[in-house]
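The structure under discussion appears below in the form of structure tokens.
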Ligand code: FAQ
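Residue numbers (my numbering): 844 to 1167.
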């Protein structure tokens, strides 16, 4: 256990050494612990972007709640979308423990300073897309988030445990939609194939750029904010998806895919990185629409925030009066 006493006069280099020793010993960093400013800033960046992704990620699926093909499907999709809102809220709260307010994070999102997952800038055109999102997008998110359950920052690691449980349910509901479509009429099967074709490559982009291009990976791995690299997680996802596509009886969208006996992994075709950078820099199909919708919803909710603030103030005043 690394628990050497830290005082106001402990030199910065010694603080950094103790901090890294704690991380190396797999101990969690908690909000009141000393941490290098770059660790704090990097976490604020990643965690807030993760929170924004959950919240913006409600829009593509929210688009289909009223059009789901049965009452049961509506109820399931509604519940899934609500779960994503919950994930956003845990993550905003966990990020606030690092000393940034929710309002500051929202401003960063709405002004384009903070990113959110590229995948949510693709339009949802058919019911098959609800299957593909649950199966592939939540599936990719789980791959990443399972490893984040071991991230070094305590509040982030703990929030991931519950989020992963819920994402597993989301992944299964998506795959179940795909099973029904892929084993349905020829038109339904074609719809499933089309959704798979459109969502497969953007799902691979969710893991971020290649390790050699990843600006934050080296430091995030050293500090154990990230436990596996972008390419390793992407490979895991590629490998696990092959048998799932086979089971559906659909064609794999990657024509260059082939098993590499030596590596024990599938080799895959090239990702279109120009498309990835274009989307994360604001030029995807739906970037503007997603942010405009967020701004409108946020403005429409002002009265709720004002009412909550007024209620809290009244409660504090009543408590102060009673205590006097
Ligand atoms: N999209 O140096 P790296 C979900 C940016 S949750 C947009 O490799 P890092 C649930 C990156 O931010 C999905 N931007 O960065 C759900 C950085 O830019 P910056 C979200 C991306 O942080 C399902 C720059 O590129 N999950 O889907 C993307 O070390 C269905 C350089 O990249 C998480 O956020 C991208 N795909 O690694 C909800 C998981 N990739 O900040 C609703 C936590 C990279 O310098 C419906 N996050 N960028 O301006 C992570 O694990 C990491 O942040 C990575 C990126 C792996 C995403």
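Backbone N, C-alpha and C define an ideal beta-carbon position, used for all residues, glycine too.
Note that the structure is a prediction, hence the values are computed from the model and not measured.
In DSSP terms, what residue i is bridged to
i            : result
residue 1128 : According to DSSP, residue 1128 bridges with nothing at all.
residue 872  : 996
residue 1108 : 1103
Residue i versus residue j: straight-line alpha-carbon distance, rounded
i            : j            : result
residue 1124 : residue 1116 : 12 Å
residue 918  : residue 996  : 35 Å
residue 861  : residue 1004 : 27 Å
residue 1129 : residue 1034 : 21 Å
residue 1082 : residue 1102 : 9 Å
residue 960  : residue 857  : 37 Å
residue 880  : residue 1052 : 25 Å
residue 1108 : residue 957  : 34 Å
residue 964  : residue 1127 : 6 Å
residue 936  : residue 872  : 16 Å
residue 882  : residue 941  : 10 Å
residue 1142 : residue 1155 : 21 Å
residue 924  : residue 1066 : 32 Å
residue 1080 : residue 1047 : 8 Å
residue 1146 : residue 1119 : 37 Å
residue 1131 : residue 962  : 14 Å
Residue i Cβ short of 7 Å to the ligand FAQ heavy atom set
i            : result
residue 981  : yes
residue 975  : no
residue 893  : yes
residue 1052 : yes
residue 1086 : no
residue 1123 : yes
residue 1048 : yes
residue 1058 : yes
residue 1168 : It is not possible to answer for residue 1168, since the shown part of the chain is limited to 844 through 1167.
residue 1130 : no
residue 1094 : no
residue 921  : no
Residue from the options whose Cα sits closest to the Cα of residue i
i            : options                  : result
residue 1069 : 865, 885 and 864         : 885
residue 911  : 972, 948 and 1100        : 972
residue 1086 : 992, 1018, 852 and 1024  : 1018
residue 1140 : 901, 865 and 867         : 901
residue 1016 : 898, 875, 904 and 1158   : 904
residue 1113 : 1027, 1100, 894 and 989  : 1100
residue 1188 : 1072, 1148, 1153 and 994 : In the structure displayed, the chain extends from 844 to 1167; residue 1188 sits before or after that span and is not available.
residue 1037 : 976, 893 and 1104        : 976
residue 974  : 1150, 1065 and 1039      : 1039
residue 1050 : 863, 990, 953 and 1026   : 990
residue 899  : 929, 1088 and 1119       : 929
residue 933  : 892, 1149 and 1063       : 892
Touch check for the segment 1010 to 1026 and the segment 982 to 997: three-plus C-beta pairs under 8 Å?
Yes, the segment 1010 to 1026 is in contact with the segment 982 to 997.
Taking 8 Å as the cut-off, does the segment 935 to 948 touch the segment 1026 to 1042 (at least 3 CB pairs, one atom from each stretch)?
Contact between the segment 1026 to 1042 and the segment 935 to 948 is absent: fewer than three C-beta pairs spanning the two stretches fall below 8 Å.
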